[in-house]
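Numbering (this note's numbering), first residue to last: 2 to 267. All C-beta atoms in this analysis are idealised placements derived from N, C-alpha and C, irrespective of residue type, glycine included. To start, the structure under review is shown below, and the notes come after it.
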Ligand code: AR6
């Protein structure tokens, strides 16, 4: 009898300990959740990896982009955004110091040179580019290219540039209908980008078309330049590696940077 009572006590003790242990199981499963959460918490590590890769990329970019941006010739990088794998870059400086597949010339309708950026490009590339323009006009049996259209020539003596795209932007004071003026300026950008695409250009650079001698209000021109380029890139219509907006003065740089910010905030 005594032995039976002993056995019963031992059985109770064993089942008590067992039930205590089973009570711990939920805590164990919490441990599993923590382990899962722990793996989510590894994100910062992968972010560190990402950061590491990015830094490497930046170093590579710096090496390639030194020439492309003309940094050693005095140009400065101001800002960049990436849309659909296309880098949109704002630079401050001189378009003739870039080494890109195509630069765009803010020309006039006769395509025979002038002042401003057109004069600078003509001086750097040589006047044979205007002879090429003349041949294009002659072939089309016209003496002036309609505003907003674009043609492409060689880059003449400009080293590291393959093509020059010439487009006459609208003259602000000569177009009463400002919606039409905006459409024509948009055409200058879109037609230039279409030609760049046709020529398989991976890097294209624009000056601020129409905002010098042609007196187009800078803030409106910057919005047109950037929004239409962004739209083409976003739609996948043309996704080159890089589109550069190269600006001469601080006012242009600030205005284009503000236009960039609007895109970033959307
Ligand atoms: N690099 C980059 N931007 C420049 C450079 C340069 N080297 N030089 C000037 N700019 P404009 P438009 C800027 O007048 O208003 C010519 O005579 C400039 O500061 O060149 O389209 C043509 O033959 C300004 O922000 O072009 C046409 O007749 C921007 O380029 C007429 O001017 C555009 O100024 C075209 O006028």
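Item                                                                                                                                                                      : Value
Shortest alpha-carbon distance to residue 132 belongs to which of 117, 154, 190?                                                                                          : 154
Using a threshold of 8 Å, state whether the C-beta atoms of residue 105 and residue 166 are closer than that.                                                             : yes
Does the structure place the segment 86-101 close enough to the segment 242-258 that three or more beta carbon pairs sit under 8 Å?                                       : yes
Quick check: is any heavy atom of ligand 1 less than 7 Å from the C-beta of residue 118?                                                                                  : yes
Since I believe residue 185 is in contact with residue 171 (beta carbons under 8 Å), could you give me their beta-carbon distance rounded to a whole number of angstroms? : 4 Å
Taking the continuous alpha helix (DSSP H) assigned at residue 198, which residues delimit it?                                                                            : 179-199
So, using beta-carbon positions, are residue 164 and residue 102 closer together than 8 Å?                                                                                : yes
Tell whether a beta-carbon distance below 8 Å holds between residue 127 and residue 161.                                                                                  : no
Residue 171 bridges to which residues according to DSSP?                                                                                                                  : Per DSSP, none; premise fails for residue 171.
List, from N- to C-terminal side, the beta strand (DSSP E) runs of 3 residues or more that fit wholly inside the segment 90-170.                                          : 103-108, 152-155, 164-169
At a cut-off of 7 Å, would you count residue 193 as near ligand 1, judging by its Cβ distance to the nearest heavy atom?                                                  : no
Would you list the residues sitting across from residue 246 in a DSSP beta bridge?                                                                                        : 91, 207
Excluding sequence positions up to five away, which residues of its chain have a Cβ less than 7 Å from the Cβ of residue 251?                                             : none
Let me know the secondary structure DSSP gives residue 82 once reduced to three states.                                                                                   : strand
Do the CB positions of residue 82 and residue 195 come within less than 8 Å of each other?                                                                                : no
By the DSSP assignment, the alpha helix (DSSP H) with residue 219 in it spans what residues?                                                                              : 219-235
Compute the Euclidean distance between the alpha carbons of residue 256 and residue 228, then round it to the nearest angstrom.                                           : 13 Å
By Cβ distance below 8 Å, which residues in the same chain neighbour residue 225 in space, the five residues on each side in sequence not counted?                        : 183, 186, 187, 190
Buried or exposed for residue 211, please, with buried defined as at least 16 other CB atoms from any protein chain shown within 10 angstroms of its CB.                  : buried
Throw me the rounded Cβ distance for the residue 198 and residue 239 pair, which I believe falls under 8 Å.                                                               : 4 Å
Quick check on the DSSP output: the alpha helix (DSSP H) that includes residue 257 runs from which residue to which?                                                      : 251-266
What is the rounded straight-line gap between the Cα of residue 49 and the Cα of residue 67?                                                                              : With a pLDDT of only 38 at residue 49, under 50, the local geometry of the prediction cannot be trusted, and no value is derived from it.
Report back the beta-carbon spacing between residue 159 and residue 97 to the nearest angstrom; my notes put them in contact at under 8 Å.                                : 7 Å
Between 146, 124, 217, which lies nearest to residue 174 when the distance is taken from Cα to Cα?                                                                        : 217
Among 258, 262, 249, 263, which one has its Cα closest to the Cα of residue 121?                                                                                          : 249
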